[in-house]
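For reference, the structure is listed below as structure tokens.
Chains as they are written, first to last, in the numbering used here: chain L, -1 to 131; chain X, 3 to 322.
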């Protein structure tokens, strides 16, 4: 694993269930994440995914790719276009830097509207010393 | 009448910077396995570290532990946050969208951890115009502790805005009405270009002319691009020109304009070029080389601009 390496993408269908279950699991009851009528009255064509779910999916993507022994240390994300039910979010990642203890990865998530999320993740590297010793 | 953009209240918001949003607030529940499991189910996260007998909480759940959900917020919430939001709601900035989240995880959270947190309003931006509408970016910084030990930090940015509904609800041009067109953006007028706008007000299109070398220049600048002299005079354009180039704007929409429309680079008879509109023909009839003639049009209640009308004698023939 070296800087510049691309991680295999993760495709996440943005279902209405994911948007709502993600909002409720994150205890975010803002109506724009579960009530389509309320979302429309605020100028949005439909409910849209909340930032906590996006954050969780970015974290999931990195640990899915690095394996369960990798532990997230930092996740910084910026949202771009919304993700609506029916969209497909494709997360891609690139290794930015690697040292003995941590690995830094840039993550981009795109949907049909463009960039939904850009972010950086720092994870503690899986500890291989144990297996060797 | 279209809804006007609410007034700028930044001077009322700025004093909130540095004020606490939460002081020693308590999470509603201790970190617990059921909430971890619900999160993992919702997000499809099958990481075994988050399951089993000794799970850790998914680190990205950090903020979820601090949200009040549907129950009233528990003790420790400071009034500044509510005051700030009440003020913005009252001023018309009623909608909210999260834009940034930066989290650092000092140590994993495990079931039984009882989280307390402090939060401060870091910054309130000047009013920004975004695709969603005009509003203010508010950044808060939170520190989460368990038994007095720092376990994580969370910086969060939201946009609190007045929805530009005409934009957000109008993906199809057919649904748009020209009645929602807002006033044109205003130029920044300063001592380097004020005489140009005075000329426009008097229905004169003034070109700068270097007093040292005589070179004409447009747009207006403090010095001559050819010889560097800061001395200048003006000459009034005859008003004749040709379309040197153009683009047709379809997207993105912008409140003051009604796409599609043509933006032309007009070469004046004097040799300088200026960006302007072409009137008298539809956007899809503008052509390179088309002869045009200066006119002044009123673009909104208070504002006139120099634009260029396609010359009827030539334009009709060109496309017939």
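No residue lacks a Cβ here, since even glycine has one placed at the ideal position from N, Cα and C.
Chain X within 9 Å of residue i, Cβ atoms only
{"i": "residue 34(L)", "result": "no"}
{"i": "residue 48(L)", "result": "yes"}
{"i": "residue 85(L)", "result": "no"}
{"i": "residue 89(L)", "result": "no"}
{"i": "residue 74(L)", "result": "yes"}
{"i": "residue 82(L)", "result": "no"}
{"i": "residue 24(L)", "result": "yes"}
{"i": "residue 9(L)", "result": "no"}
{"i": "residue 12(L)", "result": "no"}
{"i": "residue 98(L)", "result": "no"}
{"i": "residue 57(L)", "result": "yes"}
{"i": "residue 61(L)", "result": "yes"}
{"i": "residue 109(L)", "result": "no"}
{"i": "residue 66(L)", "result": "yes"}
{"i": "residue 77(L)", "result": "yes"}
{"i": "residue 113(L)", "result": "no"}
{"i": "residue 69(L)", "result": "yes"}
{"i": "residue 5(L)", "result": "no"}
{"i": "residue 51(L)", "result": "yes"}
{"i": "residue 54(L)", "result": "yes"}
{"i": "residue 94(L)", "result": "no"}
{"i": "residue 41(L)", "result": "yes"}
{"i": "residue 2(L)", "result": "no"}
8 Å contact criterion, which residue i and residue j should meet: CB distance rounded
{"i": "residue 73(L)", "j": "residue 109(L)", "result": "With a Cβ gap of about 19 Å, residue 73(L) and residue 109(L) do not count as contacting."}
{"i": "residue 288(X)", "j": "residue 314(X)", "result": "With 8 Å as the limit, residue 288(X) and residue 314(X) do not qualify as a contact, their Cβ atoms being about 14 Å apart."}
{"i": "residue 21(L)", "j": "residue 48(L)", "result": "5 Å"}
{"i": "residue 165(X)", "j": "residue 97(X)", "result": "5 Å"}
{"i": "residue 150(X)", "j": "residue 106(X)", "result": "Rounded, the Cβ-Cβ distance is 18 Å, inconsistent with contact."}
{"i": "residue 220(X)", "j": "residue 274(X)", "result": "4 Å"}
{"i": "residue 270(X)", "j": "residue 243(X)", "result": "4 Å"}
Closest by C-alpha distance to residue i, when choosing among the options
{"i": "residue 103(X)", "options": "1(L), 57(L), 0(L)", "result": "57(L)"}
{"i": "residue 80(X)", "options": "94(X), 246(X), 128(X), 119(X)", "result": "119(X)"}
{"i": "residue 14(X)", "options": "57(X), 87(X), 68(X)", "result": "87(X)"}
{"i": "residue 251(X)", "options": "43(X), 269(X), 285(X)", "result": "285(X)"}
{"i": "residue 146(X)", "options": "158(X), 117(X), 157(X)", "result": "117(X)"}
{"i": "residue 231(X)", "options": "44(X), 212(X), 192(X)", "result": "212(X)"}
{"i": "residue 302(X)", "options": "89(X), 185(X), 67(X)", "result": "185(X)"}
{"i": "residue 55(L)", "options": "73(X), 228(X), 41(X), 72(X)", "result": "41(X)"}
{"i": "residue 123(L)", "options": "35(L), 69(L), 34(L)", "result": "69(L)"}
{"i": "residue 293(X)", "options": "305(X), 45(X), 187(X), 280(X)", "result": "280(X)"}
{"i": "residue 57(X)", "options": "312(X), 270(X), 114(X), 234(X)", "result": "114(X)"}
{"i": "residue 312(X)", "options": "266(X), 272(X), 300(X)", "result": "266(X)"}
{"i": "residue 298(X)", "options": "291(X), 308(X), 126(X), 237(X)", "result": "308(X)"}
{"i": "residue 224(X)", "options": "187(X), 192(X), 91(X)", "result": "192(X)"}
{"i": "residue 62(X)", "options": "70(X), 109(X), 92(X), 99(X)", "result": "109(X)"}
Interface flag, residue i vs chain L, CB-CB below 9 Å
{"i": "residue 34(X)", "result": "no"}
{"i": "residue 58(X)", "result": "yes"}
{"i": "residue 46(X)", "result": "yes"}
{"i": "residue 37(X)", "result": "yes"}
{"i": "residue 62(X)", "result": "yes"}
{"i": "residue 293(X)", "result": "no"}
{"i": "residue 272(X)", "result": "no"}
{"i": "residue 340(X)", "result": "Residue 340(X) lies beyond the stretch modelled for chain X, which goes from 3 to 322, so this question has no answer here."}
{"i": "residue 253(X)", "result": "no"}
{"i": "residue 147(X)", "result": "no"}
{"i": "residue 151(X)", "result": "no"}
{"i": "residue 257(X)", "result": "no"}
{"i": "residue 210(X)", "result": "no"}
{"i": "residue 134(X)", "result": "yes"}
{"i": "residue 204(X)", "result": "no"}
{"i": "residue 24(X)", "result": "no"}
Under 8 Å, with one C-beta from each stretch per pair, do the segment 29 to 47 of chain X and the segment 19 to 27 of chain L reach the 3-pair mark?
yes
Three or more C-beta pairs under 8 Å: does that hold for the segment 7 to 22 of chain L against the segment 25 to 32 of chain X?
no
Should the segment 245 to 264 of chain X be called in touch with the segment 191 to 206 of chain X, which here means at least 3 C-beta pairs below 8 Å?
no
Given 8 Å as the limit, is there contact between the segment 62 to 78 of chain L and the segment 99 to 117 of chain L, that is, 3 or more CB pairs closer than that?
yes
Any residues in the segment 92 to 123 of chain X with a beta carbon nearer than 9 Å to a beta carbon of chain L? Which ones, in chain order?
96, 97, 98, 99, 100, 101, 102, 103, 104, 105, 106, 107, 108, 110
Are the segment 77 to 85 of chain L and the segment 111 to 118 of chain L touching, with three or more C-beta to C-beta distances below 8 Å?
yes
Whether or not the segment 44 to 62 of chain X and the segment 129 to 139 of chain X are in contact is what I'm after, with contact meaning three or more pairs of Cβ atoms, one per stretch, closer than 8 Å; do they touch?
no
For the segment 69 to 87 of chain X, list every residue whose C-beta sits within 8 Å of some C-beta in chain L, in sequence order.
69, 70, 71, 72
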